[in-house]
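Let me begin by presenting the structure, written as structure tokens, before commenting on it.
Given below as structure tokens:
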């Protein structure tokens, strides 16, 4: 049976990984890989949440991304053949599929469109890093919060034209992504809620007026 039997014309990288990935389970707070480790595999998160973060020489940590189900991670270092840029750990119990080049190469060879998907994912990773550097370097705390809510739309919208979207992050998650105190983040989120721009619920932020957040960033 060749790879054409496994992957249909309508399938994509995710369905390929479903076929060839090795199932791994990690308990809450367990490390998946460490910064500077060799990148021999990449992953598709099946269930749970994973945190990617930088660690400084003195042990301080800065969260880069919090991933939910059906997200691919670890691919940038893997395909660039460089050590891991970040560490990754399980925020909850997780199940993921682990993939190496030997197993996925036949699929890429027969389905070149998978290469475009991989390049797009790596470009999004680089874009997120750039956004966070800009935000932390130049914006005030209130605009950092508005900025990350707008930028996360790229990951949480079903379609780019959606006027509203839901972010399943906690206040602490947002605070760690932009490098400010949780209490400050909560204060700004509640202020945006009073303005009618967002709605807050448990582990969820509903964006109601993205245009207002964007306008605020330019004020």
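Numbering (my numbering), first residue to last: 555 to 773. Ideal Cβ positions, reconstructed from N, Cα and C, are used throughout, including at glycine.
So for residue i, helix, strand or coil by DSSP?
| i | result |
| --- | --- |
| residue 603 | coil |
| residue 638 | coil |
| residue 651 | strand |
| residue 714 | coil |
| residue 749 | coil |
| residue 626 | strand |
For residue i, count neighbouring C-beta atoms within 10 Å of its own C-beta (all shown protein chains included) and say buried if the count is 16 or more, exposed if not.
| i | result |
| --- | --- |
| residue 684 | exposed |
| residue 606 | buried |
| residue 735 | exposed |
| residue 773 | exposed |
| residue 716 | exposed |
| residue 558 | At residue 558, the pLDDT of 37 sits below 50, so the modelled position is not reliable and the matter cannot be decided from this model. |
| residue 621 | buried |
| residue 744 | exposed |
| residue 757 | exposed |
| residue 596 | buried |
| residue 765 | exposed |
Who does residue i pair with in a DSSP beta bridge?
| i | result |
| --- | --- |
| residue 758 | 755 |
| residue 585 | 643 |
| residue 619 | 606 |
| residue 720 | 760 |
| residue 579 | 649 |
| residue 531 | What the structure shows of the chain is the stretch from 555 to 773, and residue 531 is not part of that stretch, so it cannot be assessed. |
To the nearest angstrom, how far is the alpha carbon of residue i from that of residue j?
| i | j | result |
| --- | --- | --- |
| residue 615 | residue 674 | 27 Å |
| residue 731 | residue 667 | 32 Å |
| residue 498 | residue 603 | Nothing in the structure corresponds to residue 498, since the chain is present only between 555 and 773. |
| residue 695 | residue 679 | 23 Å |
| residue 591 | residue 626 | 18 Å |
| residue 638 | residue 750 | 41 Å |
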